[in-house]
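Please read the structure below before turning to the comments.
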């Protein structure tokens, strides 16, 4: 394969994936508002477009046209860089997510932008870098609310990254690979092959940790409105605010994608006879189901206290995940021998 | 009113509480002593009970079980009373129901709403359903009077207003007319009310039947802020509440039982509250630029003033600067002004409006009796056995002091003897009167002394104790009655009758008005009155001689030493020890000799001896006649500083004008004629950048680099009290009340007394004999006005436009002059045209013109005779011979 | 091509390393260090060690450096930074000697270092995760376990040291 | 049992179930600017001053509303009607709507039913000074929302429907003469209108 073709293929795939992701982010906000409204017997946005369908676009336009305010006393460089540090890792992760079975395109293989053999670790590596955006943004704003939000976020992300990392080890043991495509293919052949059934505990801990990792209710400590106004991005406005916003929703989609890949068979159809439906549809369905679950949780649970959050992470989730690894490892050893 | 501690008390039990009270106490008074409230509309502590409103009904259980009116029932020994038994409450409710059958429920638009007794009692005792048939009265409101509106629909016919007019004010200007259901209150014969407008009927009205046009619909009681302050119109110093709303005065309300007036006010005090808000008030300092006064900042004006004064001091010495103070200034201002003049500017030339007459009283009273001001308080006046009133239209000049006299007349039938050249109001009420020729007070007093001596009315104790002094007086009385009858017009019989009646009284009080002190030989006249009191044995506590002040805070002027011959504390300049004390307190050297008096100062200005003057709180250009050349004198000055509320005639000639604050805008104290030092309090904000007088004096001193720095008036008064002990305590009668003057009197009799006797009883020359004019013109005091402040009140100007010559109606008829006609008044000095008002106030052969009025230049017709230095250098200009002719 | 990328990565690594110790604002130091970590990871990728590269980022950038940042924010270092910078002559001395030593070593040994058991071809065939695993758990099992033991001891020690006061506090409260 | 419940997170699931079911219930909100509530007659919206049917002002300037106001947002300046002695009216009437708590005590205190609250609840303006209502503005409001005002007074038992004969209520004891300022003689409100304020400001 020539370098030119590789680049072209990559560019096309990147454009498509990013386009889909960003559109999903936009309509995720819409979906969240709508679903929450329905849960609260309201109608949600109705004004812009039919049933408010153009609301995300209006919001986006508004945010991009608003004045960009840098607070006096803020560290200007870091204040400007932080949203970007936050957004890039969130988007970069999609590079290794396999959205379809491999197909030929322009003489190369499609289905993933790049099928890294350490793809899973790659995602976690960049997810952990996202925390810098939050912490630096909070620090650079020169505001006590932002600083506290940033600190909380740092503590929370470090704690729950561990949980996420530990909870997927079981899956890795089963599929014996860090490549997401390999993991997906490992679950081929109907929904009863999904890791979910073998690794239910890991799935639960993963989902909980994912909620915490993306700063969503009930774990939205970094931006707890009633305590910290808007947390680390209290002082942000306009474009930069939009970046943080995009990052949060892109992260949500990313962890959902990951969960579907790891536990729900990724792009694999739930049964053989459904194979005629393209793989990316299944991935999208599974991801959106998980996203709905996120919103559902938000609509149901109140925010926990910060010490409860940390205690839960360190004293419950990590031990549970460790035990899960042990059990899985033993199980795999027995089965293999 | 009543004291429970008197001996021989009887006991009464009210609601189970027992109290001992003197005989004659009424139930309502005993209840008040116990702090039990009995509702009442018509009862008033200072009036006789009339039991008209029937709301104060109480149940008496012992000695008989019956309902009584608490306000009118005298207590019997061992009486038992219930004030809120079911029977009482039922009776009260019925009473209120009956009152409310006719009373309109227009409380929202009624000015009394919110402080109305009927409202309060209806809430407290009334019922919500009225069992009687209600019928609204529909009389049109009587708004014909200048000040007071009568709304007969609201009237509950308690009669308190009528009673206050007849009992306290003794005018009976209002009364009931018609009978039965259609009874209304108002002026007799349905005429529009035209009285003194003291407004006390409005104050005692429990409902809103009488209201003031000046405040009508402009306030609600709960919106107002109350500030207790002291009235500044005359020397009485009444206490009242200045009520302000949003920084504007809404009205004045009396405070029952407080201050010299005990809750009475006169028209000036009650309705003269508009001048503070007058548009002509000075708001910014003015500085002369060329021939114009232009507005300037304080810093500029102060620097200018200090520069001018310092230049005059450098050129002509301290004695080249004159300071003139007026009674508008508070005690603290006066003290500071004195210190500024004598300490900072080192000038002995510090004089004041005392020079218009009261200086004589100040010096002679101190010399003879060791007291400053009056010997007696207003309370003494109420309790005296006889009062001799000489040369004062007391109800006009000092209305509240007049009320004290009237109180004695009403309650105790106190005999009041009047010697005056006008038919005054008190003369009509008094027991005896001598109507004398204007200007002959000295002769009349001599006549009285002569009658006492000749008729053997001299107090036995006095005759035995002080034979030399009595003999000296007797020697002076050698002449015939003829020489008294001729100038005065009084007969021997009258004099003897009056002298006899007065001498026979146990506690006789002599009141001397401005026509005694301000006339020729004023000091001698007052000395004669002291002799009279001395001979009749009346120089003792509860009796004595009392000079009445005309202006506000004249006693404050005396105490602050606002005259060249006085030191702070009212002590004579010749008192070396006192001078040393002042020098020590001020850390300065005072000159040995006293400075020049007012008229000398004016001469000095014209002759160039005086280079600069500082005039505060008075307007000599308007208050002195043309013959004194005041305006020319001030024009001759190099530099003139004036400090006042308005741009007065004096201020127009000034180089620097400072805007001062009125009494309602600042704190401080005033001294009333009794010697009470009473507070004024800030009730509103001053207009523009006006400052209190003391701050201005302080700032000028600062510019002159003699720091006189104080944090407030209290600090000034505390310092002043070191030299002026009277300033130490507030609200007590200081002057001479209750003081035994025997020691001072003996020192006086032993001293220069016999020497001064030589010319004391020499009668002065008959006034203006050279004049071919026949009618006597007298500049009289007015009840409604006192000068600058009162004439800037649109309210008072509406009541009395003042610019009128008062003529006897009979005489006017002879000259075919009707009310309102214009007449030409001509004296040797010129003529003026004024409108005429007819009143029997003026005797035939006499016409009166208000003293304060400067518009018509009648004052400039007056010839001036300046008294000798012994007689206080008082410029006498109140009498003149004129011819009055109708202008066609 | 590879050469160019290496030069870029190496240059940035060195520059960032210098900036890390020379910048005055502590947060900038951290940012420089972060950049350096990424470029070191790039170097690993060039060596076909993707696993190492990713772990480098997760461990150093994702965990350790975040903790540094955390501490920096809790401490207000602005006023103390100058004090720290006074040590630079001393640092130059030490670094100079270390550099001299390195240069000496390289001159003595040359660049021809021995190759391990997992050249690029092997890694691409087996997968670098497996290669590392194999190496660690066969040849270097003892050092690996020793290292983990040392870390465990350090962890327990840290816990004991920090918990001591808490335990004492509790005791005092109860007594 | 409790342990099992917490392991399987049954309570949490129950909560989620409830929320899920709630999703399918019909909505209970209004699409505000397009659909509006039917406001009851007793609703306390912006205050207004009412006139008699002949156009004369009802307010007699008694300041009782000012006294009753718990947030001190009313200022009445009363005076005699010029040229008509003994007729009291409000020369100026200020209502600071930014401080108003819409308690309606003022309307209850009013003895002549001159005050009524309208159904206007959209009080936002572009200039805060426009929320300082003066007499003119209040009477304008009263004219525009006369029906609301009447309904308000009836709903609050302050009137039995006999509110608007010219002479006021039938009971003569409550009769207040109506303030008749005559056509063209109506005094210009001395209030702080916006124009006046702007002029003041431009002077400074």
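Chains as they are written, first to last, in the numbering used here: chain A, 267 to 603; chain B, 2 to 889; chain C, 360 to 534; chain D, 243 to 446. We treat Cβ as the ideally placed atom computed from N, Cα and C, and that holds for glycine.
For residue i, write down the residues that DSSP places opposite it in a beta bridge.
{"i": "residue 644(B)", "result": "617(B), 659(B)"}
Please identify the residue among the options whose C-alpha is closest to the C-alpha of residue i.
{"i": "residue 532(A)", "options": "280(A), 293(A), 387(A), 445(A)", "result": "445(A)"}
{"i": "residue 1(B)", "options": "504(B), 167(B), 304(B)", "result": "Lying outside 2 to 889, the shown extent of chain B, residue 1(B) is not represented and no answer is given."}
{"i": "residue 51(B)", "options": "69(B), 761(B), 61(B)", "result": "69(B)"}
{"i": "residue 169(B)", "options": "354(B), 872(B), 267(B)", "result": "267(B)"}
{"i": "residue 446(B)", "options": "425(B), 429(B), 490(B), 415(B)", "result": "490(B)"}
{"i": "residue 304(A)", "options": "279(D), 364(D), 275(D), 260(D)", "result": "260(D)"}
{"i": "residue 411(B)", "options": "423(B), 431(B), 422(B), 397(B)", "result": "431(B)"}
{"i": "residue 201(B)", "options": "191(B), 375(B), 212(B), 302(B)", "result": "212(B)"}
Is it true that the CB of residue j sits closer than 8 Å to the CB of residue i?
{"i": "residue 661(B)", "j": "residue 697(B)", "result": "yes"}
{"i": "residue 352(B)", "j": "residue 586(B)", "result": "no"}
{"i": "residue 15(B)", "j": "residue 37(B)", "result": "yes"}
{"i": "residue 207(B)", "j": "residue 42(B)", "result": "yes"}
{"i": "residue 403(A)", "j": "residue 499(A)", "result": "yes"}
{"i": "residue 524(B)", "j": "residue 873(B)", "result": "yes"}
{"i": "residue 579(B)", "j": "residue 570(B)", "result": "yes"}
{"i": "residue 123(B)", "j": "residue 101(B)", "result": "yes"}
{"i": "residue 316(D)", "j": "residue 304(D)", "result": "no"}
{"i": "residue 347(D)", "j": "residue 311(D)", "result": "yes"}
{"i": "residue 885(B)", "j": "residue 840(B)", "result": "no"}
{"i": "residue 417(B)", "j": "residue 406(B)", "result": "yes"}
{"i": "residue 497(B)", "j": "residue 452(B)", "result": "yes"}
{"i": "residue 111(B)", "j": "residue 260(B)", "result": "no"}
{"i": "residue 353(D)", "j": "residue 810(B)", "result": "no"}
{"i": "residue 389(A)", "j": "residue 524(A)", "result": "yes"}
Is it the case that the CB of residue i approaches a heavy atom of the ligand COA more closely than 7 Å?
{"i": "residue 331(A)", "result": "The model depicted lacks the ligand COA and carries no ligand whatsoever."}
Looking at chain A, is there any beta carbon in it that lies within less than 8 Å of the beta carbon of residue i?
{"i": "residue 252(D)", "result": "no"}
{"i": "residue 257(D)", "result": "yes"}
{"i": "residue 262(D)", "result": "yes"}
{"i": "residue 245(D)", "result": "no"}
{"i": "residue 432(C)", "result": "yes"}
{"i": "residue 273(D)", "result": "yes"}
If we cut at 8 Å on Cβ distances, does residue i have a partner in chain B?
{"i": "residue 313(D)", "result": "no"}
{"i": "residue 420(D)", "result": "Note that residue 420(D) scores 46 on pLDDT, short of 50, meaning its location in the model is unreliable; the coordinates nonetheless yield the value given after this. It does not; no Cβ of chain B falls within 8 Å."}
{"i": "residue 324(D)", "result": "no"}
So with Cβ pairs under 8 Å, would you call residue i a contact of chain D?
{"i": "residue 109(B)", "result": "yes"}
{"i": "residue 518(A)", "result": "no"}
{"i": "residue 795(B)", "result": "no"}
For this session: Closer than 9 Å, Cβ to Cβ, to anything on chain D: give me those residues from the stretch 294-306 of chain A, in chain order.
Result: 301, 303, 304, 305, 306
Problem set entry | Contact set between the stretch 287-310 of chain D and chain B, restricted to residues whose Cβ is under 9 Å from the partner | 302, 303, 304, 305, 306, 308, 309
Problem set entry | Residues within the stretch 200-221 of chain B neighbouring chain D, beta-carbon criterion of under 7 Å | 217, 218, 219, 221
Exercise. Can you list, in chain order, the residues of the stretch 338-363 of chain D whose Cβ is nearer than 8 Å to any Cβ on chain B?
Worked result: 353, 354
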